[in-house]
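A.B. asks: Just so we're aligned, residue 289 is where the first sequence starts under the working numbering, counting upward by one.
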Amino acid sequence: MRQTELFSKTHKDFPKDEVAINAQLLIKANFVQKLMAGVYSFMPLGYRTLEKIMAIIREEMNALGASELLMPALHPRSIWDATGRWDTMKKVMYQFKDDGGREFGLGTTHEEVIAVLGKTVIDSYADLPLAAYQIQMKFRNEPRAKSGLIRGRQFIMKDLYSFHADEQSLEDLYERSKRAYLNVFERAGLKAYVTEASGGDFTKSFSHEFQVETPAGEDETLLCRLCGFARNKEIADEKAGARCPKCESGVLEKAKTVEVGNIFKLGTKFSEAAGLYFKDKSGVSKPVIMASYGIGVDRLMGTIVEVHHDEKGIVWPESVAPYKVHLLRLGDEAEVQKFADEAYNHLTQAGVEVLYDDRPDVSAGEKFYDADLIGLPYRAIVSGKTVLQEKIEVKKRSEKEGKLMKAEELAKHLKI
RNA sequence: CGGGUCGUAGUGUAAUGGCAGCACGAGUCCUUUGGGAGGAUUUAGUCUGGGUUCAAAUCCCAGCGACCCGACCA
Numbered sequence: 289m290r291q292t293e294l295f296s297k298t299h300k301d302f303p304k305d306e307v308a309i310n311a312q313l314l315i316k317a318n319f320v321q322k323l324m325a326g327v328y329s330f331m332p333l334g335y336r337t338l339e340k341i342m343a344i345i346r347e348e349m350n351a352l353g354a355s356e357l358l359m360p361a362l363h364p365r366s367i368w369d370a371t372g373r374w375d376t377m378k379k380v381m382y383q384f385k386d387d388g389g390r391e392f393g394l395g396t397t398h399e400e401v402i403a404v405l406g407k408t409v410i411d412s413y414a415d416l417p418l419a420a421y422q423i424q425m426k427f428r429n430e431p432r433a434k435s436g437l438i439r440g441r442q443f444i445m446k447d448l449y450s451f452h453a454d455e456q457s458l459e460d461l462y463e464r465s466k467r468a469y470l471n472v473f474e475r476a477g478l479k480a481y482v483t484e485a486s487g488g489d490f491t492k493s494f495s496h497e498f499q500v501e502t503p504a505g506e507d508e509t510l511l512c513r514l515c516g517f518a519r520n521k522e523i524a525d526e527k528a529g530a531r532c533p534k535c536e537s538g539v540l541e542k543a544k545t546v547e548v549g550n551i552f553k554l555g556t557k558f559s560e561a562a563g564l565y566f567k568d569k570s571g572v573s574k575p576v577i578m579a580s581y582g583i584g585v586d587r588l589m590g591t592i593v594e595v596h597h598d599e600k601g602i603v604w605p606e607s608v609a610p611y612k613v614h615l616l617r618l619g620d621e622a623e624v625q626k627f628a629d630e631a632y633n634h635l636t637q638a639g640v641e642v643l644y645d646d647r648p649d650v651s652a653g654e655k656f657y658d659a660d661l662i663g664l665p666y667r668a669i670v671s672g673k674t675v676l677q678e679k680i681e682v683k684k685r686s687e688k689e690g691k692l693m694k695a696e697e698l699a700k701h702l703k704i
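#1: Just list the residues that DSSP pairs Pro771 with in beta bridges.
#2: Can you have a look at Leu437 and say buried or exposed, based on whether 16 or more other CB atoms are within 10 angstroms of its CB?
#3: Locate the alpha helix (DSSP H) running through Met349, then write down its first and last residues.
#4: Measure the CB-CB distance between Leu333 and Pro665 and report whether it falls below 8 Å.
#5: To the nearest angstrom, how far is it from the Cα of Arg290 to the Cα of Ile602?
#6: Where do the ends of the alpha helix (DSSP H) carrying Arg587 lie?
#7: In chain order, which alpha helix (DSSP H) runs of at least 4 residues are fully inside the stretch 398-438?
#8: Tell me, please, which residues DSSP counts as bridged to Gly736.
#9: Just to confirm my understanding: we take Glu696, look at its own chain, exclude 5 residues before and 5 after, and list those with CB closer than 6 Å. What are they?
#10: Buried or exposed: which applies to Met445, given that a residue is buried once 16 or more other Cβ atoms fall within 10 Å of its Cβ?
#11: So for Phe656, helix, strand or coil by DSSP?
#12: Excluding sequence positions up to five away, which residues of its chain have a Cβ less than 8 Å from the Cβ of Glu689?
#13: Comparing C-alpha positions only, which one of Leu676, Leu615, Gln677 and Tyr632 sits nearest to Ala652?
#14: By DSSP, does Phe319 sit in helix, in strand, or in coil?
#15: Have a look at Ser686, Glu599, Met589 and Ala628 and flag the residue whose alpha-carbon is nearest the alpha-carbon of Arg336.
#16: Assign Ala530 to buried or exposed, taking buried as 16 or more other Cβ atoms, counted over all protein chains shown, within 10 Å of its Cβ.
#17: Whose C-alpha, out of Pro364, Gln442 and Arg647, is nearest the C-alpha of Tyr328?
#18: Taking all protein chains shown into account, do 16 or more other C-beta atoms lie within 10 angstroms of the C-beta of Met425, making it buried, or fewer, making it exposed?
#19: Just verifying my parser: in three-state terms, what is the DSSP assignment at Leu461?
#20: Determine the DSSP secondary structure at Thr298, reduced to helix, strand or coil.
#21: Pick out whichever of Gln625, Phe498 and Ala476 has its Cα sitting closest to the Cα of Arg519.
#22: Tell me which residues share the same chain as Lys521 and place their Cβ nearer than 8 Å to its Cβ, disregarding the 5 neighbours each side in the sequence.
#23: Would Ser580 pass as a contact of Leu554 if the rule is Cβ separation under 8 Å?
#24: Can you tell me whether Ile577 is buried or exposed, with buried defined as 16 or more other CB within 10 angstroms of its CB?
#25: Is it buried or exposed for Ser412, if we count other Cβ within 10 angstroms and need 16 for buried?
#26: Measure from the alpha carbon of Lys694 to the alpha carbon of each residue in His452, Ala668 and Ala524, then state which is nearest.
#27: Are the beta-carbon atoms of Ala354 and Tyr421 separated by less than 8 Å?
#28: Just how far apart, CA to CA, sit Ala361 and Leu448?
#29: Tell me the DSSP bridge mates of Ser580?
#30: Can the beta-carbon of Lys557 be found closer than 8 Å to that of Thr502?
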């Protein structure tokens with residue numbers, strides 16, 4: 289991508305109202321723009337990062353045997369009345385009427401819709417288990433949107449729903465989903481703690497949250513760094529400083545964390561409400577057992593920035609960086625242009641994702657600042673100096689010193 | 001939803017009742033090009049509505065909006 293063609297421009301100043309680091313950096317580097325509190329546009333660089341994150345999520349969900357689908361954001365009141373949640377979720381659901389007086393809500397979550405869909409594919413125990421997921425926009429009337437991408441009124445969520453004939457089948461997928469979730473977060477550059485939390489209205493057992501430690505977090509989690517045990521502070525009987533109840537040798541610490549995912553056993557509440565039943569082996573009709581599994585996709589992006597940045601800007605993990613290499617052309621002389629164009633073409637054709645700062649009349653210093661701010665994993669420089677040696681100067685964002693190499697060498701290096 | 005802070009050019013800021021100014025950005029021209037270059041010139045603003053006053057960006061009231069603390073958070 290040539291930067292002269294990119295629908296994006298960095299800002300010289302931090303946005304004055306933002307305190308959250310993820311909001312400051314993502315807006316300054318123009319990965320996102322705020323339309324109103326808790327509602328963001330994803331600019332080309334931000335959208336590419338989102339796509340990278342979504343690709344990781346898709347791989348892990350598909351590996352669980354789940355099918356991807358897409359449900360509507362606009363829901364009729366009737367499906368929410370069936371579960372009684374039209375009233376109980378009044379405060380968080382955007383609800384409205386059309387000119388004819390019909391009532392609608394914008395989806396806060398999709399248990400109601402998926403249960404209805406389940407009826408079209410599930411008849412018998414032989415159809416189970418099944419799992420389906422989507423990556424879609426959710427709407428919640430947050431009384432207080434805050435912390436940039438961490439808590440929005442409109443946000444992107446991956447929601448997976450699973451359907452089972454018995455508890456054992458549910459337990460099996462539930463445990464496998466924990467591993468899949470940890471894979472997602474690890475691949476995105478985050479260490480997540482599987483955290484015991486309240487099971488909510490639907491189950492007596494715990495639900496599980498995936499918490500990432502960062503000062504920007506709005507949750508408080510008691511965790512044991514020794515064995516990785518973690519419990520939401522809201523339900524914990526223990527206090528900070530107490531011995532870990534799991535490994536019995538670590539000490540529990542209170543940490544600020546961001547909840548990037550959660551998994552819930554739903555039981556049969558939604559299947560019963562929607563009339564989602566299956567025939568077991570003896571021909572008896574039973575409600576399908578369900579579970580739901582969520583990941584806040586854009587919240588995950590914000591959390592990555594909270595964890596991976598320095599005083600100069602973002603330091604993207606390679607797995608989610610919008611491009612792998614930021615190629616900077618310093619100087620507009622014909623030889624430099626030609627050499628830089630060739631390097632860009634070579635890398636691109638070799639399959640390397642390159643953002644090419646081909647802007648004319650922009651000082652070297654400004655290009656350096658922008659490159660540090662945007663935070664791609666590798667910076668490659670072409671200038672009068674490097675052209676003389678017929679090489680480019682390559683430096684990792686996370687390192688101080690670069691070295692000269694040919695474009696072919698860089699392409700080869702990145703392929704490994 | 002309670003409490004607090006705050007709304008001035010595209011962005012960041014100054015002007016504490018008396019001519020709305022500065023920097024960056026953007027446009028044009030010239031010079032520059034390894035860590036946000038220099039000169040010349042042009043451009044653009046007081047959130048909305050009401051009130052007080054000879055006079056309001058400034059004081060008062062209301063609304064709208066942003067951020068922070070709390071409450072809330074399938």
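All C-beta atoms, glycine included, are put in the ideal place defined by N, C-alpha and C.
C.D. replies: For this structure:
#1: Coverage of the chain is limited to positions 289 through 704, which leaves residue 771 absent and any answer about it impossible.
#2: buried
#3: Pro332 to Ala351
#4: no
#5: 20 Å
#6: Val585 to Val595
#7: 399-409
#8: Since the displayed the chain opens at 289 and closes at 704, residue 736 lies outside it and no answer follows.
#9: none
#10: buried
#11: helix
#12: Lys683
#13: Leu615
#14: coil
#15: Met589
#16: exposed
#17: Gln442
#18: exposed
#19: helix
#20: coil
#21: Phe498
#22: Asp507, Glu508, Thr509, Leu510 and Lys542
#23: yes
#24: buried
#25: exposed
#26: Ala668
#27: yes
#28: 15 Å
#29: Tyr449 and Phe552
#30: no
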